[in-house]
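So for the sequence shown, my numbering puts the first residue at 3; every next one is plus one. Virtual Cβ for every residue (Gly too), placed ideally from N, Cα, C. One structure is given below, encoded as structure tokens.
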Amino acid sequence: MKTVRFGVIGCGLMGREFASASARWCHLKGMSARPEIVAVSNRSEAPRRWFTDHFPSVRQSTSDYRELLTNEDVEAVYIAVPHHLHREVYGATLGAGKHLFGEKPFGMDLAANESILEAAKARPDLLVRCCSQFPYYPSVQVIGQMIAKSAFGRILEVNAGFLHSSDLNPDKPANWKRIVEFNGAYGVMGDLGMHVCHVPFRAGWRPRNVRAILSNIIPDRPDGKGLGGRVETATWDNATLLCEAETPDGGHFPLTLRTARIAPGESNTWYLEILGTEASVKFSTRNPNVLHVLEYDGGRQDWREVCVGYTPVFPAITGGIFEFGFTDAIQQMWAAFLTELVGEKLPDALLARAATPEEAHLSHLLFTAALRSAEQSSTETVSASHP
Ligand SMILES: NC(=O)c1ccc[n+]([C@@H]2O[C@H](COP(=O)([O-])OP(=O)(O)OC[C@H]3O[C@@H](n4cnc5c(N)ncnc54)[C@H](O)[C@@H]3O)[C@@H](O)[C@H]2O)c1
């Protein structure tokens, strides 16, 4: 099995998720490549120490990501840093000739995203992909197969969302994700939006226009320094986007995309509903083993509850009767990146490939139009421009 030597820039929540997925690579069956983390960079030291404590393969630990990029041992880089750093760090990584797996939103705003896309275009020899793991749930893979077979008939409507709830607590301290300077003007759309766009965009369903309702529900929070200070949290907490989406065959339908930090009772709910004239499906991570399916052939309209089990697109050791979860989806996504990186054929599935820079770019065109829509209470065209 080929070993691909990785550097990790940003050793926080998501940096550790990648490390954990790499540590149990034996979970996957038949892989032709595996990741090995050889270098880490984080501004502060403590998060790096977690890596050096758990991964003897880490030979470089630095506060300066530029040092990591000059390390000739590093072939590919995973970047999980605050949004305001995406443009600079992703651009420098590509400039240094390293393959890039970058976190969403893949640039804090449209200009940053287009700058990253330009850098990627200049290096077609490098693999560039964007993090978005939910399509790797087996039920969502089944939905992907149904989309590929045009099983839905005429699409009537699609509703996708990603809902969090912990920000309902006004005493939850602010972190960089709540501050516009670091998180960006998109707010919750930048945090959660790519996750809800991924499947519709892969299906070829493109938003033509958007009417967005954006809410900033808690405008300031404790600053987390323990002295009673508060800080302005001007980022959008919740976003509802109603889009007119067009299909490759010229059809169009309402596409609703919801992202929320304040959705009471929802801890990490990603959902997708597709309603069509011949079939409909509903999936939610609240009940991840279940896919609801309705197939209409002129007879009774019955929703079936299908237990999809542990049937991921990249085979694994877990028995097919068991349940699949968040950390499994992360590892499957990494399996997709490694497979492509070493030039192996991906499984023949619509949702096998990790999210592309072009898909991330389309999400930026949508969120930029959504900001205009919310500001002017208008329906805005989603620009078709490409960098
Ligand atoms: N795919 C997902 O489900 C998911 C979930 C959460 C976050 N994210 C994304 O991951 C990225 C990081 O989010 P997180 O939740 O891991 O944040 P985090 O705050 O937990 O980690 C970010 C890390 O980057 C470090 N950092 C800051 N500046 C740096 C620099 N100049 N050089 C090196 N390190 C630096 C910080 O010290 C911190 O340890 C964001 O783009 C976010 O949108 C993705």
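If you check the beta carbons only, do Ala48 and Met191 fall under 8 Å apart? no
Please classify Asp111: is it buried, with 16 or more other beta-carbons within 10 angstroms of its beta-carbon, or exposed? buried
From the DSSP output, which residues share a beta bridge with Trp272? Phe164
Pick from Thr320, Asp222, Phe164 and Gln135 that is closest to Ala176, judged by C-alpha positions: Asp222
Touching or not, the region 167–183 and the region 368–383, by the rule of three or more beta carbon pairs under 8 Å? no
Flag this pair as yes or no: are the beta carbons of Arg68 and Ala94 separated by less than 8 Å? yes
For ligand 1, is there a heavy atom less than 7 Å away from the beta-carbon of Gln334? no
I'd like to confirm something about Met16: is its beta-carbon nearer than 7 Å to some heavy atom of ligand 1, or not? yes
Taking Cβ positions, are Ala331 and Phe136 nearer each other than 8 Å? yes
Using DSSP with H/G/I as helix, E/B as strand and the rest coil, what is Val295? strand
So Gly62 is in the beta strand (DSSP E); what residue range does that whole segment cover? Position check: residue 62 holds Gln in this sequence, whereas Gly was assumed. Residues Gln62 to Thr64.
Between the C-alpha atoms of Ala362 and Lys106, what's the straight-line distance to the nearest angstrom? 8 Å
Going by the DSSP bridge assignment, what does Val10 pair with across the sheet? Val42 and Tyr80
Which of helix, strand or coil DSSP assigns to Gly232: Just to set this straight, residue 232 is Arg in the shown sequence, not Gly. Looking at Arg232 - three-state DSSP - the assignment turns out to be strand.
What does the alpha-carbon distance come out to for the pair Arg7 and Ala187? 35 Å
Coil, strand or helix - Asn185 by DSSP: helix
Helix, strand or coil: which one does DSSP assign to Pro389? In this prediction, Pro389 has a pLDDT of 45, which is less than 50 and means its spatial position is unreliable; nothing more can be read from the coordinates.
Check whether the region 155–162 and the region 278–287 are in contact - that is, three or more C-beta pairs closer than 8 Å. yes
Go to Asp55, then tell me how far its alpha helix (DSSP H) extends in each direction, as first and last residue. Ala48 to His56
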